[in-house]
Amino acid sequence: MVAGLLNKNVFFRCDGGSDLGLGHITRSIELALGFKKLGLKKIIFFVFSDNHNVFKRIKKNGFKFYKCPFSLGTKKDLLFMKKFSNLEDNNNSILICDTFCLKDYYLKEYSKYFFLVLINELKKNKSYSNILIGTSEKNNKSIIPLYGKKTNLIRKEFINSNNKKVNNNQSKILITMGAGDPDNVTSWFLSNFVNELKNEEIYVLLGGAYKYKKQIYKKFSKLYKNIKIFYDLEKPSNVMKKSYFAISSSGNMSLELAALGIPQLLVSLDKTQRIITKFLVKKKCALNLGFYKNLKKRKVGSLIKDFINKKSFRNKYKINNPNIFHSEGSLNIAKLIIKKFDE
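Take 181 as the starting number for the sequence shown in this note's numbering and just add one per residue.
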């Protein structure tokens with residue numbers, strides 16, 4: 181199945197940075213590693229970003245990249261990407277787009293030049309793409325479940341068996357709003373609940389696209405000895421595993437926390453994250469606080485106290501043997517894409 185595809189191009193088109201965060205980049209890298217494990221050599225990223233950490237992360241995983249001059253979902257970007265297609269054989273290259281912003285017009289145009297794979301948990305049908313990686317419940321071989329029994333794009337450090345052995349003596353509370361947090365919800369939590377958390381050891385995990393780094397270090401880590409801040413860690417699981425619960429946004433990182441079996445209070449930073457919230461609440465590994473703009477200080481404070489003081493309440497959202505994600509999820513997705521490509 182793979183032998184005839186080793187010389188094919190696998191292109192990833194995704195954007196990330198201070199406003200978008202790094203979720204699309206992280207997922208795409210994980211899928212690229214799945215293709216790499218199958219032996220494919222020509223894997224190239226095309227990325228529009230204002231953040232050097234994006235390109236640093238891609239390079240560190242061993243992939244070539246081009247810096248796109250235009251954002252995904254624009255006519256100029258479409259013209260830019262057409263240059264990399266093989267015009268003699270429109271299906272010679274696989275193009276994988278991880279985005280929420282591609283309208284049907286662009287999907288249709290890209291599909292003329294590439295075998296098109298779309299990663300988008302908001303879409304319910306594959307539209308003009310050859311394959312949709314999403315959350316549709318339709319029984320369709322052209323739709324691959326993003327959080328399926330055997331398919332996912334979770335980083336391996338969170339779902340390898342040795343990482344599931346979380347220390348039972350965790351003593352920290354983790355606060356993380358993903359890689360970007362453009363509206364600085366992290367600071368809102370620290371400002372509003374610093375008194376409730378004064379007797380706790382607090383770990384704050386900031387992502388590589390977080391743009392308020394200097395302010396938050398100056399305001400909190402220098403004033404409060406119980407608060408320790410980490411920025412853009414290579415292996416965040418080492419910090420996560422020391423936490424007995426987390427206050428997290430409903431992004432990729434919340435899925436990773438769930439894979440480690442850590443109870444969570446979830447906050448949605450945008451409408452796309454509500455899909456992940458619904459999934460994790462259904463799996464009983466998180467309690468939903470709601471959309472960040474609608475948070476009520478008194479209610480949130482009460483739930484934080486309950487998570488701190490009521491172990492039985494907190495443990496309702498703890499999975500002792502987290503097996504909700506398959507250890508070869510990205511590899512399985514890569515295999516399914518190649519199988520469909522080869523039909």
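The beta-carbon is built from N, C-alpha and C at its ideal position, and this holds for glycine as well.
Owing to the predicted nature of the structure, the values given are computational and were not obtained by experimental measurement.
Going by alpha carbons, who is nearest to residue i out of the options?
i	options	result
Pro362	Asp450, Leu275, Ile313	Asp450
Glu301	Lys188, Ile455, Lys498	Ile455
Lys244	Lys479, Ser229, Ser371, Lys222	Lys222
Ser434	Ser492, Asp486, Lys378, Lys498	Lys498
Gly197	Asn432, Gly388, Ser417	Gly388
Cys281	Lys263, Ile488, Lys255, Phe295	Lys255
Ile299	Ile276, Leu377, Tyr286, Val384	Ile276
Lys415	Tyr285, Tyr308, Leu445, Phe338	Phe338
Lys473	Ile488, Ser482, Thr366	Thr366
Tyr308	Asn489, Lys283, Phe226	Lys283
Ile504	Lys330, Phe226, Lys240, Asn310	Lys330
Lys421	Ser401, Leu440, Leu403	Leu440
Lys477	Leu287, Ser371, Phe235	Ser371
Gly201	Phe264, Asn233, Ser510, Ile274	Asn233
Tyr327	Tyr411, Tyr286, Lys462	Lys462
Phe493	Ser510, Glu436, Ile224, Tyr424	Tyr424
Cys194	Asp230, Leu218, Lys217, Gly219	Asp230
Asn468	Lys490, Phe487, Gln444, Lys491	Gln444
Asn364	Ile238, Val419, Lys336, Lys394	Lys394
Cutting at 6 Å between CB atoms, please list the residues of its own chain near residue i, excluding the five before and the five after it.
i	result
Cys279	In the sequence on display, residue 279 carries Thr and not Cys. If we look at Thr279 and ignore the five residues flanking it on each side, its Cβ neighbours are Leu252.
Ser448	Ser430, Arg454, Thr457, Phe471
Glu508	none
Asn432	Gly203, Thr206
Glu268	For Glu268, the predicted structure reports a pLDDT of 46, less than 50, and the residue's modelled location is therefore unreliable. The matter cannot be settled from this model.
Ile324	Ile313, Thr331, Ile513, Leu516
Phe295	Asn271, Ile274, Asn310, Phe521
Leu511	Gly214, Lys217
Lys408	Tyr383
His506	Lys330
Met357	Val365, Thr366, Ser429
For residue i, report the span of its alpha helix (DSSP H) as first-last.
i	result
Ile513	509-521
Ala528	This structure does not reach residue 528, given that the chain is present from 181 up to 523, and the question cannot be answered.
Gln395	393-396
Phe493	491-494
Leu582	Nothing about residue 582 can be reported from this structure: the residues present for the chain run from 181 to 523 only.
Leu287	284-293
Ile238	232-240
Compute the beta-carbon to beta-carbon distance between residue i and residue j, rounded to the nearest angstrom, for a pair I have assumed lies under 8 Å.
i	j	result
Ser316	Lys304	5 Å
Leu386	Glu210	No, Leu386 and Glu210 are not in contact; Cβ-Cβ is about 21 Å, not under 8 Å.
Leu475	Ala466	Contact doesn't hold; Cβ gap of about 15 Å is too wide.
Glu381	Ser351	6 Å
Phe215	Ala514	5 Å
Ser208	Phe191	Contact flag wrong, Cβ pair sits at about 10 Å.
Please list, in chain order, all residues of the same chain as residue i whose beta carbon is under 7 Å from its beta carbon, the five residues on each side excluded.
i	result
Met181	Legend: pLDDT at Met181 = 49, less than 50; position of this residue unreliable, no value from coordinates given.
Asp369	The question names Asp, yet the displayed sequence has Phe at residue 369. The answer, listed in chain order, is Ile355, Ile427.
Phe373	Gly481, Ile484
Cys248	Phe226, Val227, Phe228, Asp257, Phe260
Ser341	For Ser341, the pLDDT reaches just 47, beneath the cut-off of 50, and the residue's location in the model is therefore unreliable, leaving the point undetermined.
Lys391	Ser198
Asp486	Phe493
Just curious, the beta strand (DSSP E) that residue i is in, first and last residue?
i	result
Phe226	222-227
Glu381	381-386
Asn189	189-194
Phe245	244-247
Phe505	Careful: Phe505 lies outside any beta strand (DSSP E) and carries neither H nor E.
Thr356	352-356
Val447	444-448
Asp361	From DSSP, Asp361 is part of no beta strand (DSSP E); its letter is neither H nor E.
Ser265	Premise fails: Ser265 is in no beta strand (DSSP E) and is neither H nor E.
Using a threshold of 8 Å, is the CB atom of residue i nearer than that to any non-hydrogen atom of the ligand SAM?
i	result
Ile427	You won't find the ligand SAM in this model; it holds no ligand whatsoever.
With a CB to CB cut of under 8 Å and the five nearest residues on each side skipped, what residues in its chain are close to residue i?
i	result
Lys464	Lys496, Tyr497, Ile499
Thr452	Phe280, Glu301, Leu302
Asn241	Ile209, Ala212, Leu213
Which runs of the beta strand (DSSP E) at least 3 residues long sit entirely within the stretch 304-335? Give them in chain order.
311-314, 323-325
Completely contained alpha helix (DSSP H) runs for the stretch 450-482, where each covers 4 or more residues
453-462
Any beta strand (DSSP E) of 3 or more consecutive residues that is wholly inside the stretch 402-434
407-411, 423-429
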